[in-house]
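Peer 1: Residue numbering for the sequence shown follows my numbering, beginning at 10 and increasing consecutively. Even for Gly, the Cβ is constructed at its ideal location relative to N, Cα and C. Attaching a single structure in structure tokens format; questions to follow.
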Amino acid sequence: MTERDYAPLSSACVRGLCDKVYEKRKFAGGEIEKMVKDFSDANNTNQIKRLIRVLGQDLMSSTNPNVKNGALMGLSSVAVGLGKGCVSYVGELTHPIVACLSESEARVRYAAAEALFNVLKIVRGAALPYFPIIFDALARLAADPEPQVKQGAELLDRLVKDIVTESASFSAGAFVPLARERMYSRVASARQFAVAWVCALDAAPALGLRAHLPDLLDPLFTVLDDPNPEIRRMCEVQLNEFLRSIRKDPSQVDFQAMINILITHAQSTEELLQVCKEIREIAATVNLQLIKLVESESESPEAALKELTIDEKAQTENDKQETIKKSTEENQNKESAESKDSEESGTMGEKLNLVAVVGVLTQMLHHNSVHTKIAALDWILHLYNKLPSEMYPQTETVFSPALGALTDGSDEVVRRAIALLAEICSCQPQPAATTTTTTTTTTTAAMATSVENAELPVDLEASPYYYKFLKALLRLLAADENLLEDRGAFIIRQLCVLLPAEEVYRALARTLRGERELRFAGRLVDVLSAILLTAPELHLTRRRLRAFRDPSTHALFQSLYQCWCHSGVALLALCLLTHNYAHCNRLISTFGDLEITVEFLTEIDKLVQLIESPIFAYLRLELLGGRQSAALRGALFGLLMLLPQGAAFHALRHRLHTAPPPDAPCLLPDSETAMATEGAPDIDFEALLDEFRRVQAAHRHYRLAERRIDRRDRPYL
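Structure (structure tokens):
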């Protein structure tokens, strides 16, 4: 082709775009992005369409993988250049990219996944009309043999799920036929992909997926006989979730439409479908009776506890009859057991072979059944409550399996594992002779303890397992990015319910301060900051920091500050929370020396949203006047200068313009400004600022090292 054939692209730009070297393609992509911005500013839609046609048709028709990768880079650059304006060109951008997801060359498939991610991240809900073809492409990528492509597909899949769950216009009715088709498939990856999507959409009740339960029930029951245990487990968990929601709100479900499906599967020869309900009820009954009979002289706990392994996946009809027989015997023993008085817990410890009991229970934590793992965790926590001094020597055996349960797919398993680990951190060795029988504290009661009641004198620092647990938790979160993203906040919030929240934050800050994986440290600090600013579990800690009066609060602030140095925006939010507005200005002045990335701007955008939320209502009121009003204005104007002119920029600008002039009389009552007019705390802010500069310099070197490694390992990208 001649140069004119590529118009509006020059031949030099096309050569760079199609070069096998990633940096040259990236440079050409930058030229396209600038060109598109100019066309958009001039409202030249013809040239934009012509450019998309050259990239999506002319270049994409080549059989050379480098040319296809260049075309994908170009389409991605067009989307970035258009910004929100690319909503008008979603179809022209999406179709050629999706077509490349089926290419035989792995590099092209990965580049297509990356390009589609960039486009969808910008257009978001505008891409929903093309959901069927995107869903079909994602289903195929789920089985991709290339690990790098599969990793890119997982990131893309999470983005599409986020777009769908946040959209009010998504049609669950259009999704159901797509999911049914893949659940009826015999391909394991297709089934797993479809069930995962059902789980994700059901977690967003506003989408109304449960109204389509009659259409999903039959394929879900079909998946239950899949030979892959992980797929069966996912399906079972989701069916249990549907059952829970039906019991909670029966009006949402069309029972009449499900009757024939249930009758058909009730007559199935599949063992799981026939036995699961009865076996589970029997196992639950036996388990409850064993808990009540733990003090009985005639009971052999280590043998009886093995009944907890009753699982519908391993039962035959003979097993079922034997279980019913044992359950009947337990009912007979229950009457005689309840007529006896409770004995001393020290006597109980002598009768129980705790080593054998704990051995059985920890093995159950590796079981496939969610119900079995929940029962085992309940049992261990029950034993800690009844026999704390006797159980303490068994902690080393219990600790690692309980920690491993934090990665389980079930929220209930994770919640109980956190309760157990919190109990381990709180439990202190006691002389067996002084131990007396106490009323059993159930797991439900333990987890219902609010943070306001967490001020009981618990010497966590004296526990050898407290920091061991926190360090192990950080290693788990650092090793699995998905765990940090999906469960990190959930785990930390649950921990703050069960242990004093302020102590948890002090210890996490101290532990995280020496973290070598700096990228992980920054991400976790962002998570901790979001919890501190918004979660009800941290309400009292948040109020203390906001008051910022006593030396102990100042010490907490300094401890958090040194850890929060891993994230500049989180640190700024902490200083805003504590009314240190003058220091906010010093801090913002250093941001110009930092690398301003998309992630950094995104965090500032989130902070502006928080400033506009009820959480920072007191801060907005301080714009009405007072000694610190000028410093606060300066900090907010500093944020404004950092932001690109988007929605967050305009929201903050409008907020500042609605405030009275700086020379206007103070409109805030004295009681409201008293907190902001007290003397400065005895804190060396210059030393803290130096620490922030040091940590951010370390982050800069860490990112440079990562990029060098990335370029060495990914020469084609």
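#1: Taking 8 Å as the cut-off, decide whether the C-beta atoms of R496 and V423 are in contact.
#2: Could you tell me the distance, in whole angstroms, from the CA atom of S176 to the CA atom of G182?
#3: Could you please give the first and the last residue of the uninterrupted alpha helix (DSSP H) stretch that includes L479?
#4: Among L665, I540 and F566, which residue has its Cα nearest to the Cα of L697?
#5: Out of curiosity, what's the CA-to-CA distance linking T337 and L363?
#6: Tell me the residue span of the alpha helix (DSSP H) that contains Y193.
#7: Alpha carbon to alpha carbon, what distance is there between P509 and S561?
#8: Report, in whole angstroms, the separation of the C-beta atoms of I738 and T543, which I expect to be a contact under 8 Å.
#9: T763 by DSSP, collapsed to three states: which one?
#10: When DSSP labels each residue in this structure, what does N394 get in the three-state scheme?
#11: Using only the alpha-carbon positions, how far apart do L430 and G38 sit?
#12: Whose CA, out of S20, Q160, R167 and E112, lies closest to the CA of E40?
#13: Measuring CB to CB, does S576 end up less than 8 Å from D535?
#14: Spatial neighbours of F694 within its chain, please: C-beta separation below 8 Å, excluding the five flanking residues on both sides.
#15: Helix, strand or coil, according to DSSP, for G418 in the structure here?
#16: In terms of residue numbering, what span does the alpha helix (DSSP H) encompassing S20 cover?
#17: Beta-carbon separation of C434 and F499 under 8 Å?
#18: Return the Cβ separation of A727 and N127 in integer angstroms, given the expectation that the two are a contact with Cβ distance under 8 Å.
#19: Could you check the C-alpha separation between C572 and R522 for me, to the nearest Å?
#20: Taking only the alpha-carbon atoms, compute the straight-line gap between R636 and P259 and give it to the nearest angstrom.
#21: Quick check on DSSP: helix, strand or coil for T453?
#22: Please list the segments of the alpha helix (DSSP H) lying wholly inside the stretch 481 to 553, counting only runs of 4 or more residues, in order along the chain.
#23: Could you check the C-alpha separation between T611 and V196 for me, to the nearest Å?
#24: Kindly list the residues whose CB is nearer than 7 Å to the CB of R716, restricted to its own chain and excluding five residues on each side of it in sequence; keep chain order.
#25: Just to confirm my understanding: we take D50, look at its own chain, exclude 5 residues before and 5 after, and list those with CB closer than 8 Å. What are they?
#26: Please classify T371: does DSSP put it in a helix, a strand, or coil?
#27: What residue range does the alpha helix (DSSP H) around H592 cover?
#28: With a threshold of 6 Å on Cβ separation, who are the neighbours of L147 within its own chain once the five nearest residues in sequence on each side are excluded?
#29: Go through its chain and collect everything with a Cβ distance to Q66's Cβ below 8 Å, but skip five positions before and after it.
#30: For K29, which residues of its own chain have a beta-carbon under 6 Å away from its beta-carbon, when the five flanking residues on both sides are left out?
#31: Is the distance from the Cβ of L210 to the Cβ of L218 below 8 Å?
#32: What does a CB cutoff of less than 8 Å around I540 pick up in its chain, not counting 5 residues either side in sequence?
#33: Using 8 Å as the threshold, is the C-beta distance between R702 and R664 below it?
#34: Mind reading off the beta-carbon distance from F557 to P690? Whole number of angstroms is fine, and I expect it under 8 Å.
#35: Going by alpha carbons, who is nearest to L412 out of A122, A481 and M373?
Peer 2: Result, derived from the coordinates:
#1: yes
#2: 14 Å
#3: Y475 to A488
#4: F566
#5: For T337, the predicted structure reports a pLDDT of 43, less than 50, and the residue's modelled location is therefore unreliable. The matter cannot be settled from this model.
#6: It is not in any alpha helix (DSSP H) - Y193 carries neither H nor E in the DSSP assignment.
#7: 15 Å
#8: This structure does not reach residue 738, given that the chain is present from 10 up to 726, and the question cannot be answered.
#9: Because residue 763 is not part of the residues shown, which for the chain are 10 to 726, the question remains open.
#10: helix
#11: 51 Å
#12: S20
#13: yes
#14: N589, H592 and R595
#15: coil
#16: S20 to L26
#17: no
#18: Residue coverage of the chain in this structure runs from 10 to 726, which leaves residue 727 outside it and unanswerable.
#19: 5 Å
#20: 57 Å
#21: Here the model assigns T453 a pLDDT of 38, short of 50, so the residue's position is not dependable, and the following value carries that caveat. T453: helix per DSSP, three-state reduction.
#22: 490 to 507, 510 to 521 and 527 to 543
#23: 39 Å
#24: none
#25: none
#26: helix
#27: Y590 to F600
#28: D166
#29: P105
#30: N75
#31: yes
#32: A498, I501, R502, C505, E546 and L547
#33: no
#34: 7 Å
#35: A481
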